[in-house]
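Novice:
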Amino acid sequence: MTATAPGLVIFDCDGVLVDSEPIAAAVMAAAVSELGLAMTAADCLRRFTGIAMTAVIAAIEADLGRPVPADFIARVREQDFAAFRRSLQPIAGVAAVVSALALPKCVASSGAPEKIRFTLGLTHLLPLFEPHLFSAHMVRHGKPAPDLFLFAARAMEVAPEACVVVEDSEAGIRAARAAGMRALGFVGGGHCGPDHARLLRSAGANAVFRHMADLPGLLTAHAG
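First residue of the sequence shown: 18, per the working numbering; consecutive thereafter.
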């Protein structure tokens, strides 16, 4: 069989395009700890990477045994944006790779639409993708459900089996495979420890890679 290029490349945002996960985890850990529930950035990365804020809040409230304050999400978002302004960087090499990618592409993220636009704008990646930005806020169920990736494929008018998803989280990999799509696990983000590749493979990743320069070759390789 001859390798063929996909009809659509779907990129996650946090941890794939922008190196935001360590920053957001530190902000969330501090905010949750202020509520009286001790939590570290490592705890947040382990439990919350790749899932929508609604699921994060549900988990925190279950641990607390009470609702979070009404303004909790707004305060966390404000603190996130302030921290991103100070130190957010794009994933190394991603701008060059995406710019050279002669394939349809889009972003499908668990983040809110305003967060996606903010982080991509801050890192000068937004023009490479807009207007093709899709958020878990647009579907009923976030990752690991397949809804978001299927929504993006429909919007881009590409069959799911012709899509390749680039993801850094177990939830995202599971969502891609549940959608019938090929999944490439990226482990080059600042939050990825030595065991991250194994976790993504266990979640169903067809291949795992650490350097964005390797992505073009993987896009035309066969599913494993």
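Yeah, the Cβ is synthetic: ideal placement off N, Cα and C, and Gly gets one too.
Report the option in Phe-203, Pro-23, Arg-92 whose CA atom is closest to the CA atom of Leu-216.
Specialist: Phe-203
Novice: Look at the Cβ atom of Phe-146, then the Cβ atom of Val-124, and state whether they are nearer than 7 Å.
Specialist: yes
Novice: DSSP beta-bridge partners for Cys-209?
Specialist: Answer is none; Cys-209 lacks a bridge partner.
Novice: Would you kindly check if the distance between the Cβ of Ile-40 and the Cβ of Ala-169 is under 7 Å?
Specialist: no
Novice: Assuming contact is defined by CB atoms lying nearer than 7 Å, are Ile-133 and Cys-30 in contact in what I supplied?
Specialist: yes
Novice: Within a Cβ cutoff of 7 Å, which residues of the same chain sit near Leu-52, ignoring the five residues on either side of it in sequence?
Specialist: Leu-81, Val-85
Novice: In the DSSP assignment, find the unbroken alpha helix (DSSP H) run with Phe-101 in it and report its ends.
Specialist: 89-104
Novice: Whole angstroms is fine: what's the gap from Ser-152's alpha carbon to Gly-159's?
Specialist: 9 Å
Novice: Judging by CA-CA distance, which residue of Cys-209, Ser-37, Val-183 is the nearest neighbour of Gln-106?
Specialist: Out of Cys-209, Ser-37, Val-183, Ser-37 has the C-alpha closest to the C-alpha of Gln-106.
Novice: Could you give the residue range of the alpha helix (DSSP H) that holds Gly-189?
Specialist: Residues 187-195.
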